[in-house]
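Quick note, the sequences are listed as chains A and B, same order. Under full-length UniProt numbering, the first residue of the first sequence carries the number 1, and numbering increases by one thereafter. Under full-length UniProt numbering, the first residue of the second sequence carries the number 1, and numbering increases by one thereafter. A short write-up of the structure that comes next.
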Amino acid sequence: MRLEKCYFCGGTVYPGHGIMFVRNDSKIFRFCRSKCHTHFKMKHNPRKTKWTKAFRKLAGKEMTVDKTFDFEKKRNRPVKYDRDLVSATIKVMKRLDVIRERRKRAFYKNRMQGVRAREKMMQLKEIDQHIDIIRAPSALLKMKAKILENKNKIQSMETELGPLNPKPIKKSKPTASE
Amino acid sequence: MVLYNFKSIQVVPGSRDFVDVVLSKTQRKTPTEVHKQYHISRIRSFYMRKVKFTQQSYHDKLSQIIQDFPLLDDIHPFYADLVNVLYDKDHYKLALGQLNTARNLIDNIAKDYLRLLKYGDSLYRCKQLKRAALGRMCTLMLKQNSSLAYLEQVRQHLARLPSIDPNTRTLLMCGYPNVGKSSFMNKMTRANVDVQPYAFTTKSLFVGHTDYKYNIWQVIDTPGILDHPLEERNTIEMQSITALAHLHAAVLFLIDISERCGYTIKQQVDLFFSIKALFLNKPLIVVINKIDVRRPEDVPADDWALIQSLTDPAKGGVGGTQILPMSTLTEEGVSKVKDVACTTLLADRIEKKMASSKISKDLHRLRTAQPKPRDEKVRSVFIPESVANARLADPDTLNKNKVTLTPGQMEVLQEEQDDLEYQKGIIPIFDINLWKRKYLLKDDSWKFDIIPEIMDGRNISDFIDPDILERLDELEREEEALIEELRANGGDASDESDLDDENQELLDEIHARKSEIKMDRLLGKTGRPKLTRQHKGLDKDHMERTLTRMGVEEEELGDIMDDVADKSRDRSKSRRPSERSLSRHGRKRDRSESRGVSVEGRGLSLNRSQSRGSSKTPAPVDGEGYRDLPQKEEAVMLGKEGMRKRNKLGYKGEGDHHIPNLMPKHLFAGKRGAGKTGRR
Ligand SMILES: Nc1nc2c(ncn2[C@@H]2O[C@H](COP(=O)(O)OP(=O)(O)OP(=O)(O)O)[C@@H](O)[C@H]2O)c(=O)[nH]1
Ligand SMILES: [Mg+2]
Ligand SMILES: [Zn+2]
Numbered sequence: 001m002r003l004e005k006c007y008f009c010g011g012t013v014y015p016g017h018g019i020m021f022v023r024n025d026s027k028i029f030r031f032c033r034s035k036c037h038t039h040f041k042m043k044h045n046p047r048k049t050k051w052t053k054a055f056r057k058l059a060g061k062e063m064t065v066d067k068t069f070d071f072e073k074k075r076n077r078p079v080k081y082d083r084d085l086v087s088a089t090i091k092v093m094k095r096l097d098v099i100r101e102r103r104k105r106a107f108y109k110n111r112m113q114g115v116r117a118r119e120k121m122m123q124l125k126e127i128d129q130h131i132d133i134i135r136a137p138s139a140l141l142k143m144k145a146k147i148l149e150n151k152n153k154i155q156s157m158e159t160e161l162g163p164l165n166p167k168p169i170k171k172s173k174p175t176a177s178e
Numbered sequence: 001m002v003l004y005n006f007k008s009i010q011v012v013p014g015s016r017d018f019v020d021v022v023l024s025k026t027q028r029k030t031p032t033e034v035h036k037q038y039h040i041s042r043i044r045s046f047y048m049r050k051v052k053f054t055q056q057s058y059h060d061k062l063s064q065i066i067q068d069f070p071l072l073d074d075i076h077p078f079y080a081d082l083v084n085v086l087y088d089k090d091h092y093k094l095a096l097g098q099l100n101t102a103r104n105l106i107d108n109i110a111k112d113y114l115r116l117l118k119y120g121d122s123l124y125r126c127k128q129l130k131r132a133a134l135g136r137m138c139t140l141m142l143k144q145n146s147s148l149a150y151l152e153q154v155r156q157h158l159a160r161l162p163s164i165d166p167n168t169r170t171l172l173m174c175g176y177p178n179v180g181k182s183s184f185m186n187k188m189t190r191a192n193v194d195v196q197p198y199a200f201t202t203k204s205l206f207v208g209h210t211d212y213k214y215n216i217w218q219v220i221d222t223p224g225i226l227d228h229p230l231e232e233r234n235t236i237e238m239q240s241i242t243a244l245a246h247l248h249a250a251v252l253f254l255i256d257i258s259e260r261c262g263y264t265i266k267q268q269v270d271l272f273f274s275i276k277a278l279f280l281n282k283p284l285i286v287v288i289n290k291i292d293v294r295r296p297e298d299v300p301a302d303d304w305a306l307i308q309s310l311t312d313p314a315k316g317g318v319g320g321t322q323i324l325p326m327s328t329l330t331e332e333g334v335s336k337v338k339d340v341a342c343t344t345l346l347a348d349r350i351e352k353k354m355a356s357s358k359i360s361k362d363l364h365r366l367r368t369a370q371p372k373p374r375d376e377k378v379r380s381v382f383i384p385e386s387v388a389n390a391r392l393a394d395p396d397t398l399n400k401n402k403v404t405l406t407p408g409q410m411e412v413l414q415e416e417q418d419d420l421e422y423q424k425g426i427i428p429i430f431d432i433n434l435w436k437r438k439y440l441l442k443d444d445s446w447k448f449d450i451i452p453e454i455m456d457g458r459n460i461s462d463f464i465d466p467d468i469l470e471r472l473d474e475l476e477r478e479e480e481a482l483i484e485e486l487r488a489n490g491g492d493a494s495d496e497s498d499l500d501d502e503n504q505e506l507l508d509e510i511h512a513r514k515s516e517i518k519m520d521r522l523l524g525k526t527g528r529p530k531l532t533r534q535h536k537g538l539d540k541d542h543m544e545r546t547l548t549r550m551g552v553e554e555e556e557l558g559d560i561m562d563d564v565a566d567k568s569r570d571r572s573k574s575r576r577p578s579e580r581s582l583s584r585h586g587r588k589r590d591r592s593e594s595r596g597v598s599v600e601g602r603g604l605s606l607n608r609s610q611s612r613g614s615s616k617t618p619a620p621v622d623g624e625g626y627r628d629l630p631q632k633e634e635a636v637m638l639g640k641e642g643m644r645k646r647n648k649l650g651y652k653g654e655g656d657h658h659i660p661n662l663m664p665k666h667l668f669a670g671k672r673g674a675g676k677t678g679r680r
């Protein structure tokens, strides 16, 4: 008995679950559920489908190279049963799980670095640019200090993070100055 | 090797068919349309082509016939003679020769008429020339009727001739009629020749094949021959004579010892002597047939002496001949005859071959090698000394190797054990644990372990690796280093905090307003007034609310509201007189005024919408496009005048309301046939 990987989503296929398709060139495709099978039948590319493992790996959303992955390998050379070896292996697997989890977290953290700052910068920019839809010009005059503060903040963040290019903002017509 | 097969000769049509075929072919394969207004060269070439084409097809067909029939000088003399006997050589040659001359004549006719056609000066003349040419060719062909018919008969007969190979191993039967040649042939081969108790049952040559010593032998049955001079022999006999004369074969001369065939032994022996010349240089066997009727012992002594004389050269017989008794009825001696005939022929053929000059070429290629021991020395299998010593010193090593069985071998053992149990009357039950007993593990107590396969969504077997612990150690070291590095970097957790409260509030407000605008847009409220403001009037409450929401303070709000109220009152006053120029003037003033009064910064939407409301196109004036109103009235009147007659008659005019029939019934009803849907 073996746990197989789904051809489409990359999830684990437990014995007795999913479906197996053997193409006439003898390549075997396993699917964890009918959803994946249907996508395959419709010739969808798992690399272009957001929710699959293949997409996430390709898009750099998950770790792809790591030493912890090297331990798990399909071996074609059989090793004779050895109780000590198997119990050691089980222990190692447990430990590996812990390490892998930690590394995953570290990877995620690294990936998310700066995202929050960028978000904040965008929010500040939005406030700066659209304040006039909620405040009359006379009211704006009164909150000049706050606006200036925000402007400075944006400037400093921009130098730090580099110019970020969210949706191109339409320039509002300078009607008031006329 | 030349294979004599005359089956591939094409059918020779009769002269009428011949002409029909050629003329219709000309009609089919050449252009058929010509007009007198064509250029003369075109007309000429049209008819020349016809003449040439007819000549060519005659030529081709005749050549085909001439080529198909075998040339008597080229084929094996046996066949040449046979053709002579059967069809008369002279007749045959004459027929072919006539066809050949016909071919040449036709060529010449065509040549002449082509020359004449070159000077044809009209379509009519050209056509007549063509007619004359084709006519002459055809009459010429019609005259060949007799030779064509003869050749067709020859072709049919030739196709049915047995395909005798004159060069292969052949057995040939000959003798008086009714002596049992065909019976013997039927015994040896599967030819199934007709056998009847009267003379001349067999009227032509027959071929059969038999196997002897893994070779195929050709057996030829001939018609019987009578004993008279060559000139008096008929066609049937002549075939036998031809075969005897030209085929190098083992000749079996059959003698009916019972004289039931109607000819005495004396007559048969005489026949032998009269055709003795044909047996020269051939293996010959005298076969005495029908011994079941009369044993050779019962034959009168003088008759027997006559038979014996056939082998005696002193008495005019042929030396080296054997006399073999046989009965095709009881099959006594048949196989003996076959044996002797084949072996003697084989020996003879080999002898001939050895005598020929070509043999040396083949001989030096043949060689049979037979290894001989070069000395007395024994050359046995070589075993290295070390191996031999090891075997001697420790005979157990061999046994040890034997003890460690492969699983396959053990399975065999298990089967043997099962068999033993069967014999004892116990039915063996397959038990996996019995099988597990045979595992070869480091520790015997592990044999019955339940081996885990899956853990935490992973295959344990994928992780099993003899040096997994070392690798884990390495990984641990790496991990420690990584953590250390992280700690050195100080966590790097200086992530930006969220927006401060004020900003957050503003952002929320912006988002709320944006979604409001979006909803308005969805509902079709573009914010642009449908009515001009001066018509709608001022919604002071709404304006106040908006301004408050936009953060305008109480005091300023009062000012703005006053200002707006002022302006609207002002405008409504100035608007009353309904004088365009005045209103325009008034607005102008308003604008300049409002600019002075209005708040600085961005203008309130009030200002803008006002200016937009003013830009209206002026209403159309009566008499527009004409010089003046009277002129226009006159024009209208004239127009009506012009229409009066039409309207009276009820004609359809371009101004009439018209409802087009987009799906006319007659085009869209009923079944659809072939063709487009638009047409029926
Ligand atoms: N009793 C007896 N009759 C035989 C034997 N061989 C042939 N006959 C008979 O003799 C008759 C003639 O035999 P065929 O084989 O037709 O003789 P044939 O030599 O081919 O005669 P033609 O073809 O006319 O030359 C038949 O009735 C046979 O049954 C034999 O060994 N014993
Ligand atoms: Mg016969
Ligand atoms: Zn799947």
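We treat Cβ as the ideally placed atom computed from N, Cα and C, and that holds for glycine.
Task: Residue-chain proximity (methionine 20 of chain A, chain B), Cβ-Cβ < 7 Å - done: no
Task: Interface flag, valine 636 of chain B vs chain A, CB-CB below 7 Å - done: no
Task: phenylalanine 448 of chain B at chain A interface by Cβ criterion, 7 Å - done: no
Open item on the list: Assuming lysine 338 of chain B and tyrosine 212 of chain B are in contact, meaning their beta carbons sit under 8 Å apart, how far apart are those beta carbons, in whole angstroms?
Closed with: Yes, lysine 338 of chain B and tyrosine 212 of chain B are in contact; Cβ-Cβ is about 7 Å, under 8 Å.
Open item on the list: Using only CA atoms, which one of A/Ile127, A/Ile19, A/Thr64, A/Arg83 lies nearest to aspartate 443 of chain B?
Closed with: A/Arg83
- [ ] Measure the CB-CB distance between alanine 341 of chain B and leucine 171 of chain B and report whether it falls below 7 Å.
- [x] Cβ atoms of alanine 341 of chain B and leucine 171 of chain B: closer than 7 Å.
Open item on the list: So, at 6 Å on beta carbons, what are the nonlocal neighbours of glutamate 593 of chain B in its own chain, with the 5 sequence-adjacent residues on each side left out?
Closed with: In this predicted model, glutamate 593 of chain B has a pLDDT of only 41, less than 50, meaning its place in the structure is not dependable enough to derive any value.
Open item on the list: For a contact defined as C-beta to C-beta under 8 Å, what are the partners of aspartate 541 of chain B on chain A?
Closed with: Near aspartate 541 of chain B there are no residues of chain A at all, since even the closest Cβ is about 17 Å away, more than 8 Å.
TODO: Tell whether a beta-carbon distance below 7 Å holds between proline 325 of chain B and isoleucine 288 of chain B.
DONE: The beta carbons of proline 325 of chain B and isoleucine 288 of chain B sit closer together than 7 Å.
- [ ] For histidine 44 of chain A, return the contacting residues in chain B, with the cut-off set at a CB-CB distance below 9 Å.
- [x] Per Cβ cutoff of 9 Å: no residues; histidine 44 of chain A is ~25 Å from chain B at best.
TODO: Using a threshold of 7 Å, state whether the C-beta atoms of lysine 25 of chain B and serine 57 of chain B are closer than that.
DONE: yes
Open item on the list: Looking at ligand 3, does it come within less than 6 Å of glycine 11 of chain A, judged from the CB to the closest heavy atom?
Closed with: yes
Task: Run of the beta strand (DSSP E) containing valine 207 of chain B, from where it starts to where it stops - done: Valine 207 of chain B -> beta strand (DSSP E) spans 206 to 212.
Task: Within 7 Å, strictly: CB atoms of residue 190 of chain A and glycine 457 of chain B - done: Shown here, chain A extends from 1 to 178; a query on residue 190 of chain A therefore has no answer.
- [ ] Give a yes or no on whether the C-beta atoms belonging to glutamine 144 of chain B and serine 41 of chain B are separated by under 7 Å.
- [x] no
TODO: Verify whether the separation of the beta carbon atoms of threonine 49 of chain A and phenylalanine 55 of chain A is less than 7 Å.
DONE: yes
- [ ] Establish whether the CB of leucine 161 of chain A and some CB of chain B are separated by less than 7 Å.
- [x] Output row for leucine 161 of chain A: interface = no.
Open item on the list: Mapping the DSSP letters down to three states, classify aspartate 559 of chain B as helix, strand or coil.
Closed with: helix
Open item on the list: Taking the alpha carbon of lysine 203 of chain B as the reference point, which residue from B/Val412, B/Cys174, B/Tyr119, B/Tyr214 has its own alpha carbon closest?
Closed with: B/Cys174
Task: Residue range of the alpha helix (DSSP H) that includes isoleucine 154 of chain A - done: 144 to 161
Open item on the list: Under 6 Å: does the beta carbon of threonine 202 of chain B sit that close to some heavy atom of ligand 4?
Closed with: Ligand 4 is not part of the structure shown, which contains ligand 1, ligand 2 and ligand 3 as its ligands.
- [ ] Could you tell me the distance, in whole angstroms, from the CA atom of lysine 525 of chain B to the CA atom of methionine 112 of chain A?
- [x] 41 Å
TODO: Please report how far the alpha carbon of isoleucine 285 of chain B lies from the alpha carbon of valine 251 of chain B, in whole angstroms.
DONE: Spanning the two alpha carbons is a distance of roughly 6 Å.
Open item on the list: Between arginine 155 of chain B and isoleucine 9 of chain B, how many whole angstroms is the CB-CB distance? I'm expecting something under 8 Å.
Closed with: 5 Å
- [ ] Assess, as a yes-or-no matter, whether the region 497 to 506 of chain B is touched by the region 123 to 130 of chain A under the definition of 3 or more beta carbon pairs within less than 8 Å.
- [x] yes
TODO: Return no unless some Cβ of chain A is closer than 7 Å to the Cβ of arginine 437 of chain B.
DONE: no
- [ ] Helix, strand or coil for alanine 250 of chain B, going by three-state DSSP, please let me know.
- [x] strand
TODO: Please say whether tyrosine 263 of chain B and tyrosine 176 of chain B have beta carbons closer to each other than 7 Å?
DONE: Their beta carbons are under 7 Å apart, which means tyrosine 176 of chain B touches tyrosine 263 of chain B by this criterion.
Open item on the list: So threonine 222 of chain B and leucine 205 of chain B are supposed to be a Cβ contact under 8 Å. How far apart are they, rounded?
Closed with: 6 Å
Open item on the list: Suppose the cutoff is 6 Å on Cβ atoms and the five residues either side in sequence are ignored; what does the same chain contact list for glutamine 268 of chain B look like?
Closed with: Tyr176, Ile255
- [ ] Give every residue of the same chain whose Cβ lies closer than 7 Å to the Cβ of alanine 80 of chain B, excluding the five residues on either side of it in the sequence, and list them in chain order.
- [x] Leu72
Open item on the list: I need the DSSP call for proline 166 of chain B, collapsed to helix, strand or coil.
Closed with: coil
Open item on the list: Going by beta-carbon coordinates alone, are glycine 625 of chain B and alanine 136 of chain A separated by less than 7 Å?
Closed with: no
Task: Contact list for methionine 93 of chain A against chain B, beta-carbon separation under 8 Å - done: Neighbours of methionine 93 of chain A on chain B, chain order: Met455, Asp456, Arg458, Ile460, Phe463.
Task: Cross-chain neighbours of asparagine 152 of chain A in chain B, by beta carbon under 9 Å - done: Proximity of chain B to asparagine 152 of chain A at the Cβ level (cut-off 9 Å) is not reached, the minimal Cβ distance being about 13 Å.
Task: Closest Cα partner of tyrosine 214 of chain B within the set B/Leu114, B/Arg365, B/Arg169, B/Leu486 - done: B/Arg169
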